[in-house]
Each structure stands twice: as C-alpha cells, then as structure tokens.
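Here's the structure we're looking at; comments come further down.
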Amino acid sequence: MSDQDHHPRYGIKNLWLQAGESYYPYAVHLHRAEVLDLVGDWQGSLATLDDNYDFARKAGAKKQEADSEIKRIRLLRYMGRNSDFLEPLNRAMETYRELGDQYGINQALNEVGLAYRFSGDIPKAEECFTDLIARSEKIADTKHQMSGLGNLSQIHMINGKHEQALKCLDRCMEISQRQDDNTFSTILLGSIGNAHFFLEDYDLALEYYRKQLALAYKYGDLANISVAVGNIGNIHNRRGEYDRALECYREKLELSQKLGYAMGIQQALGNMGLALSESGRYPEARQCFERQLSISSQTDDPESIEGACSGLGNVFAQLGDYENSEKYFKQAIAVDLEQGFQNDLAADYLGLAEMYLKKGAAVQAREAANLALAAAREIGDDELAAKAMLLLE
C-alpha cells in the first residue's frame with residue numbers, strides 16, 4: 034500500500050498532490066501555477082492547473098474544481114485555444130451559485146463575457162461586463178471591478194466609442210493604483226495608449242506605450258513587453274517608418290514564440306505583413322500572411338483569419354494574381370458576414386472593388402463598390418464611403 038493510501042484523502046485542508054516522492058497542498062500548486070503564468074511558463078502553469086483540476090474533481094472538492102477550471106480556461110484562451118468554453122464555465126458558475134460564492138460568480142462571469150467577446154457576440158459580452166462591474170462594486174471586489182471595466186473598455190473600442198473607453202480605463206487605473214496592482218496597471222497603460230491611437234493622437238499613444246514597456250521591463254513581464262513593443266511598432270507603421278515598425282514586430286514575434294502566445298504570434302505576423310505591403314515588399318508580405326492564416330486556422334481565430342485573408346487579397350492584387358486575390362477577399366468577406374465584422378466588411382468589399390478595377394472588370398468593380406458603400410454607410414464610416422463613391426464615378 035502506498036504512502037498516499039495512508040494520507041487523509043479528501044478533507045479540503047488536506048488536498049495534497051504528489052510530485053515525485055513529495056506531497057504538496059492544493060493551494061501551493063495553485064500559487065505555483067500563477068507564478069509560472071507570470072514568468073511566461075504557460076505550459077508549466079497549465080500542467081499544474083490540470084493536475085489541480087483532476088485532483089479536486091476526484092476529491093469531490095467542488096469549489097477547488099471550479100477555481101481550477103476557471104484558471105485553466107483563462108490560460109487556454111491566452112494561449113490561443115478558442116474552444117467553446119461556455120459549457121464548463123456554466124458548470125463552474127452553477128457550483129459557485131450553489132455555494133453562495135459571490136467572488137467565484139464574478140470570476141466565472143468575467144470568463145463568460147470573454148467567451149462571448151471572442152465568439153463575436155459583442156452585445157452579450159457587453160451585458161456580462163456591465164453586470165460584473167455592478168456586482169463587483171456591491172461586494173468591494175476590486176479585482177473583478179477592474180477586469181469588468183477593462184473588458185468593457187475593449188467593447189467600447191470595438192464599437193468605435195473611444196471616449197467612453199477612456200472613461201472606463203481612467204476609472205480602472207484609479208482603482209489599480211490604489212490597490213498597487215502593478216501587473217494590471219501595465220496592461221491598462223497599453224489599453225489607454227490604444228484608445229489614444231484610435232483617436233489618432235499618436236504622440237500621446239506612444240507616451241503610454243513607452244510607460245507600459247518600462248513597467249513591463251521593471252517587473253520582468255514578458256507578455257506585456259511583447260504587447261508594448263508591438264504597440265510601438267504600430268505607431269512607427271502609421272507614421273510610415275516601416276523599417277522601425279518591422280524591428281518592433283520581429284521582437285514581438287520572437288517574444289510571443291518564446292511564450293507560446295498564439296494571439297501575439299498572429300498579431301506580429303499580420304502587422305509585419307501590413308508593413309511589408311506598405312513598403313512594396315509583397316513576396317515577403319505574402320509569407321507573413323500565409324503563416325498568420327495557417328496559425329489562426331489552427332486556433333480557430335476568426336478575427337485573425339479575416340485579417341490574413343484580407344492581407345493576402347491585397348498582396349495578390351498587387352502581384353497581378355487576380356484569381357487568388359478574388360479568392361482571399363471573398364474568404365475575408367465570408368468571415369465578416371458570419372462574425373458581424375462590419376468595419377472589416379466595408380474595407381474588404383472596397384479592396385475587392387479596387388482589384389476588379391485593376392483587372393479591368395468594370396461591372397464587377399461597380400457591384401463590389403456599391404456593397405462597400407452600403408456597408409460603410411451602415412457603420413457611419415465617411416472615409417470608406419468616400420473611397421467607394423470615387424470608384425463609382
């Protein structure tokens with residue numbers, strides 16, 4: 034009979050996990066997983082959480098099982114595995130409700146909101162995060178209040194409401210600094226920079242990105258170093274400084290590969306493809322977009338799939354390969370229609386129209402331009418609408 038058979042098996046205070054010849058408590062493993070996550074060893078963190086989840090499930094420790102499930106899902110999503118997480122999240126939510134665990138309910142609600150966000154159901158995501166903020170305020174759960182505000186700001190940015198996003202982020206930063214939460218403050222600096230970027234205040238955006246980078250370096254936060262470097266690259270790209278942008282994107286790609294951060298890898302490749310396209314280096318751009326499409330197809334990331342297809346449509350148009358250009362633009366449009374990506378839909382129809390015009394297919398160009406105009410007007414994008422009108426003259 035093994036030593037473990039003599040050990041108290043299922044008392045919550047005695048949830049032990051075997052590691053070699055030693056036994057460690059469940060809570061220690063949970064903290065270990067969090068530390069591994071912070072230093073970028075996501076595979077190690079996931080393996081530890083898997084062990085915790087299995088042990089808690091076998092022990093019948095429902096709260097510990099739910100806690101591990103939530104943390105596993107959060108980490109899996111960060112690693113780019115966009116599975117349908119709603120069923121396990123709803124199970125965890127039911128457990129927390131049975132136990133009357135208000136903090137646990139907030140934890141699950143945050144993840145449910147993210148599940149809706151990444152599946153493209155933005156209204157349901159917004160509803161979850163609004164509810165989360167209200168619930169968190171009632172029980173002084175500052176962690177999830179900050180998370181709700183941060184995620185709601187992202188929803189506002191998706192909807193083009195950048196001023197509202199900044200209001201959420203300012204509230205969030207105030208709470209974060211009061212709590213001395215350096216990790217969250219680092220993330221928030223990047224988000225505030227993004228809001229200013231979309232408002233086209235690039236100097237102020239760059240200031241926040243540099244603050245984010247400095248804080249990430251100070252705490253050895255590789256994930257946020259990767260994010261900040263990529264954001265700075267976006268500033269250079271927007272200013273036409275393509276070589277400097279590419280340096281940043283290559284650094285982001287290297288860091289993301291080191292971390293196994295699938296979303297970061299896709300973003301870096303997509304941005305590299307755009308910078309290379311803008312500087313006329315189309316064969317290299319094609320390679321980046323093809324790699325992005327391959328990875329995003331494996332992780333089932335619609336947003337990245339659309340970006341890669343759109344990029345390839347443009348590249349093949351510039352190379353004079355109109356058959357492939359049409360194929361990829363139509364693939365991008367199909368994703369836009371399926372996922373409700375209205376901003377991208379107008380841009381992709383416009384790209385398709387420009388390709389047809391370059392090809393000399395005037396009738397098809399006019400049809401695509403009309404669709405681009407309708408999509409642009411629906412979202413109130415005057416710039417895209419004006420470009421579509423030019424093609425129709």
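Note that the sequence shown covers residues 34 to 426 in this note's numbering.
Even glycine gets a Cβ: it sits at the ideal position worked out from N, Cα and C.
Nearest Cα to Ser330 within the set Ser358, Phe230, Ile298: Ile298. The Cβ atoms of Val262 and Lys291 do not sit closer than 8 Å to each other. Per DSSP, the unbroken alpha helix (DSSP H) holding Ala408 starts and ends at 395 to 412. Here Gly133 is not near Gly373, since their CB atoms are 8 Å or more apart. Within the DSSP secondary-structure output, Leu50 pairs in a beta bridge with Tyr57.
Residues of the same chain with a CB within less than 6 Å of the CB of Phe231, apart from the 5 flanking positions on each side, are His195 in chain order. Between Gly181 and Ala80, the alpha-carbon positions lie close to 28 Å from each other. If you ignore the 5 residues before and after Ala379, its C-beta comes within less than 7 Å of the C-beta of Ala405, Ala408, Ala409, Ile412, Asp414, Leu417, all in its own chain and listed in chain order. Where Phe231 is concerned, the enclosing alpha helix (DSSP H) starts and stops at 215 to 231. At a Cβ-Cβ threshold of 8 Å, Ile106 and Leu122 count as neighbours. Take the alpha-carbon of Glu120 and the one of Thr163: they are about 21 Å apart. For a cut-off of 8 Å, the C-beta gap from Leu326 to Ala308 is around 17 Å, too long to register as a contact. Taking C-beta atoms under 8 Å as the contact rule, Tyr111 and Ser101 fail to qualify, at a distance of about 16 Å.
When the five nearest sequence neighbours on each side are left out, the beta carbons in the same chain lying within less than 7 Å of the beta carbon of Leu390 are those of Ala398, Leu424, in order along the chain. Counting the other Cβ atoms within 10 Å of the Cβ of Gln187 gives 16 or more, which makes it buried. Between Asn376 and the set Val348, Gly340, Asn357, the nearest pair of CA atoms involves Gly340. Looking at the backbone, the Cα of Val68 and that of Ser78 are separated by about 8 Å. Apart from the 5 residues on each side of it in sequence, Ile172 sits with its Cβ closer than 6 Å to the Cβ of Gln135 in its chain, given in chain order. By the neighbour-count criterion, in which a residue is buried when 16 or more other Cβ atoms sit within 10 angstroms of its Cβ, Gln210 is exposed.
Of the candidates Asp333, Ala350, Lys96, the residue whose Cα lies closest to the Cα of Ala318 is Ala350.
Asn304 is positioned such that its CB atom lies closer than 8 Å to that of Asn267. A distance of 8 Å or more separates the beta carbons of Asn184 and Gly226.
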